[in-house]
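Just add 98 to wherever you are in the sequence shown, counting from 1, and you've got my numbering.
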Amino acid sequence: MKYNLDQLNTYAKRYGFIYQGSEIYGGLANTWDYGPLGVNLKNNIKSFWWKKFVSQNKLNVGIDSSILLNPKTWEATGHLSSFKDPLMDCKECKTRYRADELIKRSTNSSVDADGWDYKKMFDYIGEHKIKCPNCGASNFTDIREFNLMFKTQQGVTSDNNDVYLRPETAQGIFLNFKNILRTSRRKIPFGIGQIGKSFRNEITPGNYVFRTREFEQMELEFFCKPGTEIDWFKFWKEFSYQFLLDCGLKEDSIKFYNHSKEKLAFYSNATTDILFAYPWGYDELWGISSRTDYDLKSHQELSGENLEYLDPQTNDTYLPYVIEPSLGIERLFLAILLNNLEEEELGDNKTRTLLRINKNLAPYQVNVLPLVKKYHNELAEEVYDLLLKNFTAFYDENGNIGRRYRRADAIGTPYCITIDNQTQEDETVTVRDRDSMDQIRVKISELTDYLKKLL
Ligand code: ATP
């Protein structure tokens, strides 16, 4: 059985992955809070990315820059003038749409209007009599521009203090390019990775956590010599794809969408989206773009700071070209659940909910269970304390053991450790494997090493 979004929402709420935001006040549209399991999974995804792209990667270093940047940043990059979406309303029911999304939706994604000028979109909607998905009327307003950046004020006075919540983490990297070059003693080619929150005042957020106004990105800006960028672009495309497979995504759920020349942003000479098969169809999970020297050049021009690189071998100076793989955590979170959650047939008309997630991403690595609370809880607590030193562990003592195993399977816990009468006699526990459900006995004194090998 494949989970649809409603079923996934019910599952995620029931077990404590994701709750509706501000629920006791009736919610705040399209905001989501991550519960105990959700925050563990998110942190595991982030630390896995950080390891692969930064801390265990010879090529890259990391940064954690501010969310609020000098507003000139957004003037330089063009976000203030052109980070806009085409907004249109249905005149009958007043539902608000992004015009390119409306076209995409009504053509089952066969027409991609992203990047079209507004007249072309408006004409297409009129000529094809595209209907409002909400009320069925074909009566829309003109298209207006809508800037996606959240504006706020810094400080107590209100004159000229406008600042923006960053719509991407990337610019904090470009602003620090020279600092990092100097202090990390790196040579081109090298990259800078960052994980952090970004904000976009999306016109039509939705599809659960797929499109929200507050989200987290994992971005790499990889700096290389002009002329080598297409080779690096291919390298990071392949590397990113492999990362998704390592996260447990299935090959047949992922595909590449290479942007044609006409669709490329004016500063890019190659862009690929990695698409995932979400319940509503293939949609963007990861954007990978070769951005030339656009960002560094724009900041150099507006700031007056020289951001060129001096090649120590050839004494040439140049502005490096940049490859940017940019991934949204929530979109990957959703893809991991969708690809790994199943109702497994056990025979005799029995099934179990199983999250067959990569063991290193599982919200809990081990679950400690006294077989009978009354008799085994003291020893079980000791084992729990022991395992907490090395693993993310969960203690569960209520209800019958079968039910507790099912719950552990449903949240993807790879190993259940059960303490029973025999534990009192020979100091062994059972270790139950989530996928095979096989159990073996292991001495408590050897348990940590045993589990370390498995995990
Ligand atoms: P879309 O076309 O879906 O709006 P985009 O092309 O504008 O996405 P990018 O600017 O390339 O997205 O951002 C890089 C990545 O950040 C995306 O591939 C996605 O994973 C994530 N992302 C972007 N916008 C959102 C959002 N509103 N909510 C959640 N994740 C997002």
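C-beta: ideal position from N, C-alpha, C; glycine also. Values in this document were obtained by computation on a predicted structure and should not be read as measured data.
>> So, at 7 Å on beta carbons, what are the nonlocal neighbours of Glu-382 in its own chain, with the 5 sequence-adjacent residues on each side left out?
In response: Cβ within range, chain order: Asp-371, Leu-373.
>> Any heavy atom of the ligand ATP closer than 7 Å to the beta-carbon of Gln-315?
In response: Inclusion of Gln-315 in the 7 Å shell around the ligand ATP follows from its C-beta lying nearer than that to a non-hydrogen atom of the ligand.
>> For a quick check, are the C-beta atoms of Leu-549 and Tyr-513 less than 8 Å apart?
In response: Less than 8 Å divides the Cβ of Leu-549 from the Cβ of Tyr-513.
> What are the boundary residues of the alpha helix (DSSP H) that Arg-112 is part of?
Replying inline: Secondary structure note for Arg-112: its alpha helix (DSSP H) is the uninterrupted segment 103-113.
> the ligand ATP heavy atoms versus the CB of Ser-424: any closer than 7 Å?
Replying inline: Checking every heavy atom of the ligand ATP against the Cβ of Ser-424, one is found closer than 7 Å.
> Looking at the structure shown, is Tyr-462 part of a helix, part of a strand, or coil, going by DSSP?
Replying inline: In the three-state reduction of the DSSP assignment, Tyr-462 falls in the coil class.
>> Please tell me whether, using a cut-off of 7 Å, the distance from the CB of Leu-383 to the nearest non-hydrogen atom of the ligand ATP is below it.
In response: True, at least one ligand heavy atom lies under 7 Å from that Cβ.
> Name the DSSP bridge partner or partners of Asn-450?
Replying inline: Residue identity check: residue 450 is Arg in the sequence provided, not Asn. The partner list for Arg-450 (beta bridge, DSSP) reads Glu-442.
> With Tyr-194 and Ile-301 assumed to form a contact (beta carbons below 8 Å), what rounded beta-carbon distance in angstroms separates them?
Replying inline: The residue asked about is misnamed: residue 194 is Arg in this sequence, not Tyr. About 6 Å separates the two Cβ atoms, so the contact holds.
> Where does Leu-157 sit, in a helix, a strand or coil, going by DSSP?
Replying inline: Under the three-state reduction of DSSP output, Leu-157 falls in the coil class, being neither helix nor strand.
> Helix, strand or coil: which one does DSSP assign to Tyr-365?
Replying inline: Residue state, collapsed to three classes: coil.
>> Bridge partners for Asp-371 per DSSP, in chain order?
In response: According to the DSSP secondary-structure assignment, Asp-371 is paired through a beta bridge with Tyr-355, Gly-385.
> Which value, in whole angstroms, describes the spacing of the CA atoms of Ala-508 and Leu-453?
Replying inline: Distance between the alpha carbons of Ala-508 and Leu-453 is about 5 Å.
> Pairing CB atoms from the segment 225-237 with CB atoms from the segment 259-267, are three or more of them under 8 Å?
Replying inline: The segment 225-237 vs the segment 259-267: no contact.
> Does the beta-carbon distance from Asn-465 to Thr-412 come in below 8 Å?
Replying inline: No, the pair does not count as a contact, with Cβ atoms beyond the cut-off.
> Are Leu-394 and Leu-417 closer than 8 Å when you measure CB to CB?
Replying inline: In this structure, Leu-394 sits near Leu-417, with a CB-CB distance shorter than 8 Å.
>> Taking a contact to mean a Cβ-Cβ separation below 8 Å, would you say Ala-235 touches Leu-347 in this structure?
In response: It is not a contact, given that the beta carbons lie outside the stated cut-off.
> Considering only residues of the segment 209-247, which uninterrupted beta strand (DSSP E) runs meet the minimum length of 3 residues and lie entirely inside it, listed in chain order?
Replying inline: Taken in chain order, the whole beta strand (DSSP E) runs of length 3 or more contained in the segment 209-247 are 242-245.
>> Let me check understanding here. Comparing Cα to Cα, which of Lys-551, Arg-532, Thr-521, Leu-552 lies closest to Arg-93?
In response: Past the edges of the chain, shown from 99 to 553, lies residue 93, and the structure says nothing about it.
> Okay, do the segment 399-406 and the segment 441-448 touch, 3+ Cβ pairs below 8 Å being the bar?
Replying inline: Output reads no: the segment 441-448 does not touch the segment 399-406.
>> I need the DSSP call for Tyr-306, collapsed to helix, strand or coil.
In response: The answer is coil: DSSP assigns Tyr-306 none of H, G, I, E or B.
> Is it the case that the CB of Thr-390 approaches a heavy atom of the ligand ATP more closely than 7 Å?
Replying inline: Result no, Cβ not under 7 Å from the ligand ATP.
>> Could you pull the DSSP bridge partners for Ala-501 from this structure?
In response: With the sequence shown as reference, residue 501 is identified as Arg, and Ala is not the correct amino acid for it. According to DSSP, which records beta bridges pairwise, Arg-501 is partnered with nothing at all.
> Could you give the distance in angstroms between the alpha-carbon of Thr-250 and the alpha-carbon of Tyr-493?
Replying inline: When rounded, the distance between both Cα atoms is 44 Å.
> Are the segment 477-488 and the segment 426-440 touching, with three or more C-beta to C-beta distances below 8 Å?
Replying inline: No, the segment 477-488 is not in contact with the segment 426-440.
>> Give me the DSSP bridge partner(s) of Phe-288.
In response: Per DSSP, Phe-321.
>> Short of 6 Å in beta carbon distance, which residues of its chain neighbour Ser-207, apart from the five on each side in sequence? Order them along the chain.
In response: So the list reads Gly-379, once near-sequence residues are dropped.
>> At a cut-off of 7 Å, would you count Glu-266 as near the ligand ATP, judging by its Cβ distance to the nearest heavy atom?
In response: Correct: Glu-266 has its Cβ closer than 7 Å to the ligand ATP.
>> Just checking Arg-309 against the ligand ATP - is the residue's beta carbon closer than 7 Å to any of the ligand's heavy atoms?
In response: Relative to the ligand ATP, the beta carbon of Arg-309 is positioned inside 7 Å of a heavy atom.
> From Thr-129, Ser-164, Leu-430, Arg-298, pick the residue whose C-alpha is nearest to that of Met-316; which is it?
Replying inline: Per the Cα distances, Leu-430.
> How would you label Ala-506, buried or exposed, when you count the other beta carbons within 10 angstroms and need 16 or more for buried?
Replying inline: By the Cβ neighbour-count rule, Ala-506 is buried, with 16 or more other Cβ atoms within 10 Å of its own.
>> Taking 7 Å as the cut-off, is the C-beta of Glu-243 nearer than that to any heavy atom in the ligand ATP?
In response: The closest heavy atom of the ligand ATP lies 7 Å or more from the beta carbon of Glu-243.
> Contact check, Lys-457 vs Leu-553 under 8 Å by CB: the rounded distance?
Replying inline: Contact between Lys-457 and Leu-553 holds: CB atoms are separated by about 6 Å, below the 8 Å threshold.
> By Cβ distance, which residues of its chain are closer than 7 Å to Asn-259, with the 5 residues on each side in sequence left out?
Replying inline: Same-chain partners within the cutoff: Gln-251, Gln-252, Gly-253.
> Is it buried or exposed for Pro-324, if we count other Cβ within 10 angstroms and need 16 for buried?
Replying inline: It counts as exposed.
>> Taking its Cβ as the centre, do 16 or more other Cβ atoms sit within 10 Å of Met-99, making it buried, or is it exposed?
In response: Burial state of Met-99 is exposed, judged by a 10 Å Cβ sphere holding fewer than 16 other Cβ atoms.
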